[in-house]
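Here the structure is laid out as structure tokens; the discussion comes afterwards.
Number of protein chains: 2
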Amino acid sequence: NVGFGSGNQVRSISVEALKPNDSFPRRHNSATPEEKTKMAEFCGHSSLDSLIDATVPKSIRIESMKLPKFDEGLTENQMIEHMKNLASKNKVFKSFIGMGYYNTFVPPVILRNIMENPGWYTQYTPYQAEIAQGRLESLLNYQTMISDLTGLPMSNASLLDEGTAAAEAMAMCNNIQKGKKKTFIIASNCHPQTIDVCETRAGGFDLKVVVADLKDFDYKSRDVCGVLVQYPGTEGEVLDYGEFIKNAHANEVKVVMASDLLALTMLKPPGELGADIVVGSAQRFGVPMGYGGPHAAFLATSQEYKRMMPGRIIGVSVDSSGKAALRMAMQTREQHIRRDKATSNICTAQALLANMAAMYAVYHGPEGLKTIAQRAHGLSGTFAAGLKKLGTVEVQGLPFFDTVKVKCADAKAIADAANRSEMNLRIVDQNTITVSFDETTTLEDVDKLFKVFACGKAVTFTAASLAPEVQNVIPHGLTRQSPYLTHPIFNSYHTEHELLRYIHRLQSKDLSLCHSMIPLGSCTMKLNATTEMMPVTWPSFADVHPFAPSKQAQGYQEMFENLGELLCTITGFDSFSLQPNAGAAGEYAGLMVIRAYHLARGDHHRNVCIIPVSAHGTNPASAAMCGMKIVSVGTDAKGNINIEELRKAAEANKENLSALMVTYPSTHGVYEEGIDDICKIIHDNGGQVYMDGANMNAQVGLTSPGCIGADVCHLNLHKTFCIPHGGGGPGMGPIGVKKHLAPFLPSHPVVPTGGIPAPDKSQPLGTISAAPWGSALILPISYTYIAMMGSKGLTEASKTAILNANYMAKRLEKHYPILFRGVNGTVAHEFIVDLRGFKNTAGIEPEDVAKRLMDYGFHGPTMSWPVPGTLMIEPTESESKAELDRFCDALISIREEIAQIEKGKADINNNVLKGAPHPPSLLMADAWTKPYSREYAAFPVSWLRSSKFWPTTGRVDNVYGDRNLICTLLPASQVVEEQAAATA
Amino acid sequence: NVGFGSGNQVRSISVEALKPNDSFPRRHNSATPEEKTKMAEFCGHSSLDSLIDATVPKSIRIESMKLPKFDEGLTENQMIEHMKNLASKNKVFKSFIGMGYYNTFVPPVILRNIMENPGWYTQYTPYQAEIAQGRLESLLNYQTMISDLTGLPMSNASLLDEGTAAAEAMAMCNNIQKGKKKTFIIASNCHPQTIDVCETRAGGFDLKVVVADLKDFDYKSRDVCGVLVQYPGTEGEVLDYGEFIKNAHANEVKVVMASDLLALTMLKPPGELGADIVVGSAQRFGVPMGYGGPHAAFLATSQEYKRMMPGRIIGVSVDSSGKAALRMAMQTREQHIRRDKATSNICTAQALLANMAAMYAVYHGPEGLKTIAQRAHGLSGTFAAGLKKLGTVEVQGLPFFDTVKVKCADAKAIADAANRSEMNLRIVDQNTITVSFDETTTLEDVDKLFKVFACGKAVTFTAASLAPEVQNVIPHGLTRQSPYLTHPIFNSYHTEHELLRYIHRLQSKDLSLCHSMIPLGSCTMKLNATTEMMPVTWPSFADVHPFAPSKQAQGYQEMFENLGELLCTITGFDSFSLQPNAGAAGEYAGLMVIRAYHLARGDHHRNVCIIPVSAHGTNPASAAMCGMKIVSVGTDAKGNINIEELRKAAEANKENLSALMVTYPSTHGVYEEGIDDICKIIHDNGGQVYMDGANMNAQVGLTSPGCIGADVCHLNLHKTFCIPHGGGGPGMGPIGVKKHLAPFLPSHPVVPTGGIPAPDKSQPLGTISAAPWGSALILPISYTYIAMMGSKGLTEASKTAILNANYMAKRLEKHYPILFRGVNGTVAHEFIVDLRGFKNTAGIEPEDVAKRLMDYGFHGPTMSWPVPGTLMIEPTESESKAELDRFCDALISIREEIAQIEKGKADINNNVLKGAPHPPSLLMADAWTKPYSREYAAFPVSWLRSSKFWPTTGRVDNVYGDRNLICTLLPASQVVEEQAAATA
Ligand SMILES: Cc1ncc(COP(=O)(O)O)c(C=O)c1O
Ligand SMILES: Cc1ncc(COP(=O)(O)O)c(C=O)c1O
Ligand SMILES: O=C([O-])O
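Order-wise, the sequence lines are chains A and B.
Its first residue numbered 1, the first sequence is counted upward by one per residue in the numbering used here.
Its first residue numbered 985, the second sequence is counted upward by one per residue in the numbering used here.
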């Protein structure tokens, strides 16, 4: 009674069908082939390819792109295997190198719930405060922590690294002194990379940097704007800078101190010593070393200089109902407003890492941090005592916190011996070694070190046996007396459950890519795929010190080589530097390459930089940092660069022309037809073309900066190449260059670097970032993205991104004017919706639309940039048609709401747009005084009924906050009062 | 100008201070030493120890517990190192073993956002539907997927494993035939573990199992209740059961088919062939093999037998506003209601894994699944073709889906050769091998296999070269024609962004431990620490086949040995079985051990099981499954077992007494003083004491089942030992036994097992679970918990759990009657709040209070169990005082709300409790007709203002749903209609 089917189904099998079926591009790119055709047809084209042909100028199209590796693209599983293989080539030795990078335990609850959680890592900079109160609170915690530990009242919400933070502080000193004092002295006890970054940066400001021993500081010239000292010093010494600072101030010299957060739990804070600015890194507060980054750097200063601070600053304000609410403060300092007059060019910073560090402080609390510090201090003391007992080497006499300096006969021999025990020491010079201790050091480690330093002698004691004899040696006058982290937030969440819930409570207030598309023009908020993110938290990538011997980091090195090669193919360049750790840093680095090139050719006078008015503010800000003179050129009626004006400007400045900065496709979302001409004009007039790579997502596989004619370009890897924005960083901004510029790519004082692939000769411009390869830990994200997409997948991504933008523009054009288009009526990968007319007809501004979009569950597009009064929408290739349609439906519905005002059916001052966003507290208040209905305010479209993301505050008042600036946590007492008031 | 502090701070350093500072217990246990004392004082005791002394009876107290390993507890970091070391001892060979376990790619987006996400893994069974709509939807997806693929309309929401699912189906056949036909025939083409589990299970039902070749099935006895066949068979063959089933039905025999979900995408579904019940495992749908589990098993059947189905079933109903809403259906079938008459004893199932499998289907969609199936089929066909070409072995002639059966001269030699290439094959017998292909197999793998099977001969072809000649060989009549997974949910979320958002959308509807405490009495919802969870998703634990040679799983084996030893110390037992994969399975296994013991002594008649009326329903249900006769004993006024009644019952049943089942501390939350007497009475009358270990969290380090006098006990590792509940599973229910019972612990037909540590002799009772060590993959959680807590930390956990319960009881006693207490007025680790009085005074029932608690952001306590009309609260040691206070404040505030009704100030039928929960849609509706205010409904306490978890539906109507049973997704058309209606 058991049989077989009568006939077998006979169908032969293709090899293709037996290959892995789980290809990555279909998970990343949104549209299916059928959808693509339908959408292209909707846009008036017979196919996607015909739409693309009509959009990208023929003159710059490349036939096809073929990656030198991974042409076909790996599957996710193959990718993980490949990365495991690379990971296995990294050897994680225990680091005692110090120099600003320390081992740390990332609390697993933070690792899993922040660093590995898309709810935290996929967000954008909190420009839309009402749907970002969670990370705004966390960043306020960060600022409070920095302020408390440094003893200075004002802190920003992170900078890129300690080296650039010091350079930013140097620039502040220059500005504070109104550019009238042109010398900056750096103590030789600063980390070498800090010194080099400052020296390089000084070039553009025309500052003279003097590196000197502290005792040789000399202010007699009256030309010194500021000084930089380190506390504790790079070789460990803890000095009392009290008198030193008094003296500097007496000479009207500003004092910048580079410091260490862990040390500051035990040491008198720089603010109390009188420092004007304090900088440093928050890395050792629970952020992995990651072969150099990303980590959050900090900068704190006094009230006096707050408006001169670089970077983003979170401040307390009130919302429409008078409740305390957070948002970014004093944005008028920043480059998108002040352009070349900005306090700095920094945009993307290190928000995610700042949040990790802040949570680390929340988890440990002040007592916990102090315990960690005392342990590291105690272990270093024990080590020093043991060395004295051993007598094989000489221990430095100065007080230290966690780093012991040792004089010895043969530093290399000792370091080699340590290597054989899988430990890395710092070789300062032939006869000097330092050994830095940290949270992860154990008594057993100290015993192993004793063995190394015994040089064959028997060790007759152990760290444990020595400990009771050892004494804490922080100088009495430098022992910290003042309390810190007294706010309840730092004293409540010390169990895992409490921290878990605090993290999730904050997360629940923030809209991220886990909720809906974030169509920020120029920001490219595409998928950050899990497979791309996974290697980032593998210990073999995460736990490598940036200055570990290269042979221990062969996995990293191989990835750098591969990535450099891949990026060269993608961009049409010859060499890449992976050092700049954000787009702005890339711009600066790229311009500095151009500057170095001109200088090398004796063209010292070439300092004019032409920048279209449509450029991102960071372009003029970067050019200003390179000491360039900015010449603006306008745009024509169609939004394109006015080529005749440009030609005139180039010719007029022919003698001094250094560079053009140009974004392509333009910041207006258009593939300008004349781009090749533009490049030619610049070259003909002796200039170099700097391309801003923010819009690279519209180029990959279709054209390239190299093909277009650019000489150098940065890539925001956190845009086109999938590094998540992390709520305001991390990012990466490597630069690619043509052959003639390759020799000038940056190097590094500790680990010499240069272009990848390496050019024949090398004349590095200096050092751009604190770490040799910038934020190396997140490079696997971009690398895996490229490798999994393959040549075809990447090209298809660009096409789909363009398709998605055109589809949306088409759907919206009947409802809103679309501002700029290419010659064939298409847009690039983003487009501008013009709202300027509504100001008159309905009193509506872009902000009103953006805030109302929150009620529809969406993050607003880029507001009023590059054109005031508009919204710029960039959907990316990762958004499905369904999501695009929902977003369009929302905007169309909002258009109808505006029409109600225009028709006089809704009040011009009191309508559903002006009232937006509508948080639950407002919607379910007993009293409802709005002229529109609650339900309509909350659920204007039906899909919101099944699931809705709720804004947590009413519209936040920016002006109030800037007038009443508060940038740290309110004292607990005040919070309680406010809560009581809110409940009453 | 740089100096030192005048004097150094001199303080010597203790060795203690140099040891690692990041101990785990302080992250897990909530209270600080100061808090503990204060809370104890609040409870009227001078210290925590005095409170404990007053609570735990002296007669059973142990002095102290000392773990044989990890006495001091490892730090989290040390733990990870230890686990890495174990992991490195597992060798992940590529498995071709099949037998119900296959390699699969866990889509990374599911891995990270479900399996590694506390928002999904920390929830409890969705008893409170209004705050569980997310996972209820996902489980409905699961049921729909099972129903579609099997071709039967009813599916449950998972069972423990394929073996027990088959046994449950066997029990259904028995029940369908009203227990009148006592033979069950199992085809020999079923997996050996399935056969053994059924054979063991049959014992308790007094069923006779006949294992026979299909062609030898014989129904002439008229005593056959059902048959079990497998499709495809364990050795790969695909048979057409159409005629077979007709014949069985003609003989009034029910047909159970074990099947494979992936195969069913290509094969005619069992439902269409006429099967009555279909069982199987969803493991290969994106759930790692994990050395045996956890995975979701399934059981589907026809409408006719739906009320006989075991396990949880999700159904569609409506909420208070008439909107569709989900909840668990037909709970009246389950053991907490029907006790020994229940359809099964199952409680904890495999919800998390069912959700993963369902999401896998959502991600791939019907087309994607079919592609995966066709690939596996094509590769197996290619392999078979190659073997035929090679001619070294003989390939089975029957059609197959993914498993090729091979006859050869020396199976072991071939398997050994495969091992040398890091591949595992199945040795069926000396001359038979099977090779199973799956999603992860590649053409290269097939080539490697050719090499192995070539036995030294040169292979002149490759898999790729063969492929075009190969033909699909599914018999025509068995080719699936019917569509499946047609619902939009399975056809919309195929990009990573879309799935990510779908997962997060569902997650946002569910309250979990990420939000607030879930104080479910008897459930022990303590912290599931990240460090405990991390090793679970390491490939070296996740990717091991349960039947891989033990020498490849040395890391696992070492952990089992250690864990067995640790659990023995903790429980005072001599040996453990890690096989039962839930508490209920443990109960059943434990009782079967007792049964085997009596049988071995010739006491065949001993079949009476005494069970107190206060016992959890699963106890009588389990006893019934062992064929035991249940004798109930009552409790006295204080809630304790009535010892005199018990004595009488024991004596009356002296001759036939098999066992007592007792929970300790009692399900009433009291340490009964007479427990040692009770054990003695049972022993004196020839019985064995089975202890239900659900309340083990109140014993660890203070007393133990062994010390109290129990002979066997299960441990719900998902309670006391930190395995997260996963929204209704996974769990683990290992059993510990005294020495005399150790020989009877279960074994396994494929990998012989037994007690850990191993007893001298072995007389295993049979097989309890499909996998030798149950859900091995989650054992690292309990293991790391114990190892990190150390002896002191564990003991402190028990004390703190007791303290927290007493603190809450004390705070609440002025507002609510506390039902039972121990002799000194204290409660154990949980306590009962008596609400029975409010039924009369205010019309209020426990459900009203539980639903109102949602408005306060809390999950209700256990409702109406063990005493109807009450709530049972268990805070656990992981909840901070602040959290306990918030929960008490909420309950006290609710008491005030009840008082308003009592005083006539609130309407008895229309008040804030009866109206609860209040979802946003209700609170912000334009029309508000409630007699209380919106704001009060939403924000009854101030802390909710800063952050609130919103229920997503109004109160769900259970009765409506059971009357109109719908247990799969509504057709899309209906959904659209409903949405339209809701919006209108
Ligand atoms: C056109 C353009 N250039 C430069 C930048 C600055 O890049 P980053 O934020 O990586 O520093 C941005 C940032 O959005 C940009 O849009
Ligand atoms: C007292 C008691 N016994 C047994 C069980 C059943 O355990 P499991 O759900 O692990 O099968 C439970 C479940 O909560 C319980 O509370
Ligand atoms: O699962 C329970 O029945 O508690």
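Where is the CB? At the ideal position from N, CA and C, for every residue including glycine.
On a predicted model such as this, the values are computed, not experimentally measured, just so you know.
Worksheet item: Assuming D438 (chain A) contacts A376 (chain A) under a Cβ cut-off of 8 Å, what Cβ separation, rounded to an integer in Å, is found between them?
Response: With a Cβ gap of about 5 Å, D438 (chain A) and A376 (chain A) count as contacting.
Practice prompt. Mark N1948 (chain B) as exposed unless 16 or more other C-beta atoms lie within 10 angstroms of its C-beta, in which case mark it buried.
Written response: Exposed, by the Cβ-count rule.
Discussion item. Please list the terminal residues of the continuous beta strand (DSSP E) segment that includes F298 (chain A).
Written reply: Where F298 (chain A) is concerned, the enclosing beta strand (DSSP E) stretches over 297 to 301.
Worksheet item: What's the C-alpha gap between R307 (chain A) and N958 (chain A)?
Response: Taking C-alpha positions only, R307 (chain A) is separated from N958 (chain A) by approximately 16 Å.
Discussion item. Please determine whether the Cβ atom of G1567 (chain B) lies at a distance below 7 Å from any heavy atom of ligand 2.
Written reply: Distances from the CB of G1567 (chain B) to the heavy atoms of ligand 2 include at least one below 7 Å.
Discussion item. Since R327 (chain A) and L136 (chain A) should fall inside the 8 Å C-beta cutoff, what is the C-beta to C-beta distance between them, to a whole number of angstroms?
Written reply: Distance from R327 (chain A) to L136 (chain A) at the Cβ level is roughly 7 Å; contact confirmed, criterion being Cβ atoms closer than 8 Å.
Item to complete: Closer than 9 Å, Cβ to Cβ, to anything on chain B: give me those residues from the region 38 to 54 of chain A, in chain order.
Response: Contact annotation: in the region 38 to 54 of chain A, no residue has its CB less than 9 Å from a CB in chain B.
Discussion item. By alpha-carbon positions, which one of B:R1206, B:V1237, B:T1751 ends up nearest to T1184 (chain B)?
Written reply: That would be B:T1751, whose Cα lies nearest to the Cα of T1184 (chain B).
Item to complete: Mind checking who A1771 (chain B) pairs with in its DSSP beta bridge?
Response: The secondary-structure analysis by DSSP pairs A1771 (chain B) with nothing; it has no beta-bridge partner.
Worksheet item: Among A:V849, A:F838, A:N491, which one has its Cα closest to the Cα of K985 (chain A)?
Response: Lying before the first or after the last residue shown, residue 985 (chain A) is absent from chain A, which here runs from 1 to 984.
Discussion item. Measuring straight from C-alpha to C-alpha, what distance separates L425 (chain A) and K94 (chain A)?
Written reply: Straight-line Cα distance between these residues: approximately 9 Å.
Worksheet item: Using a beta-carbon distance below 8 Å, is E830 (chain A) in contact with chain B?
Response: For E830 (chain A), the answer is no, since every Cβ of chain B falls outside 8 Å of its Cβ.
Worksheet item: Residues of chain A with CB under 7 Å from V1093 (chain B), in chain order?
Response: Within chain A, the residues near V1093 (chain B) are T530.
Worksheet item: If we count the other Cβ atoms within 10 Å of its Cβ and call it buried at 16 or more, is E1100 (chain B) buried or exposed?
Response: That one is buried.
Discussion item. Nearer than 7 Å: is that true of the beta carbon of C1209 (chain B) relative to any heavy atom of ligand 2?
Written reply: Flag unset: Cβ of C1209 (chain B) not near ligand 2.
Fill in: beta-carbon S522 (chain A) near ligand 2 non-hydrogen atom, thresh 7 Å
Incorrect: S522 (chain A) has no Cβ contact closer than 7 Å to ligand 2.
Item to complete: Pull up the CB-CB distance for I1595 (chain B) and I1614 (chain B), whole angstroms please, since I reckon it's below 8 Å.
Response: Yes, they are in contact, since the Cβ atoms of I1595 (chain B) and I1614 (chain B) sit about 6 Å apart, within 8 Å.
Fill in: Separation of G634 (chain A) from E645 (chain A), as counted between CA atoms
Near 7 Å, if we compare the C-alpha coordinates of G634 (chain A) and E645 (chain A).
Worksheet entry | Cα-Cα separation, L1353 (chain B) to A1448 (chain B) | L1353 (chain B) and A1448 (chain B): Cα-Cα distance of roughly 22 Å.
Worksheet item: Quick one: what does DSSP say Q9 (chain A) is sitting in, helix, strand or coil?
Response: Unreliable positioning characterises Q9 (chain A) in this predicted model, as indicated by a pLDDT of 44, which lies under 50. A coordinate reading is not provided.
Fill in: chain B residues whose Cβ lies nearer than 8 Å to that of R647 (chain A)
The premise fails here: R647 (chain A) is roughly 44 Å from chain B at the closest Cβ pair, so nothing lies under 8 Å.
Discussion item. Please return the same chain residues whose Cβ sits closer than 6 Å to the Cβ of H295 (chain A), not counting the five positions on each side in sequence.
Written reply: For H295 (chain A), where only same-chain residues beyond five positions count, the Cβ hits under 6 Å are S281, Q283, V287, L353.
Worksheet item: Cβ of D692 (chain A) within 7 Å of any heavy atom in ligand 1?
Response: Yes; taking the cut-off as 7 Å, the Cβ of D692 (chain A) has a heavy atom of ligand 1 nearer than that.
Practice prompt. Measure the Cβ-Cβ separation of R1918 (chain B) and K1835 (chain B) and say whether it is below 8 Å.
Written response: In this structure, K1835 (chain B) does not lie closer than 8 Å to R1918 (chain B) by Cβ.
Worksheet item: The beta strand (DSSP E) with A1171 (chain B) in it runs from where to where?
Response: Judged by DSSP secondary structure, A1171 (chain B) falls within the beta strand (DSSP E) whose first and last residues are 1167 to 1171.
Practice prompt. Go to F217 (chain A), then tell me how far its alpha helix (DSSP H) extends in each direction, as first and last residue.
Written response: No alpha helix (DSSP H) holds F217 (chain A); DSSP gives it neither H nor E.
Discussion item. 8 Å is my cut-off, CB to CB: does P20 (chain A) come that close to chain B?
Written reply: P20 (chain A) belongs to the set of residues whose beta carbon lies under 8 Å from a beta carbon in chain B.
Worksheet entry | Counted within 10 angstroms of its Cβ, other Cβ atoms place H604 (chain A) as buried (16 or more) or exposed | Exposed, since its Cβ has fewer than 16 Cβ neighbours within 10 Å.
Worksheet item: Any heavy atom of ligand 2 closer than 7 Å to the Cβ of N1140 (chain B)?
Response: For ligand 2, not one heavy atom lies less than 7 Å from the Cβ of N1140 (chain B).
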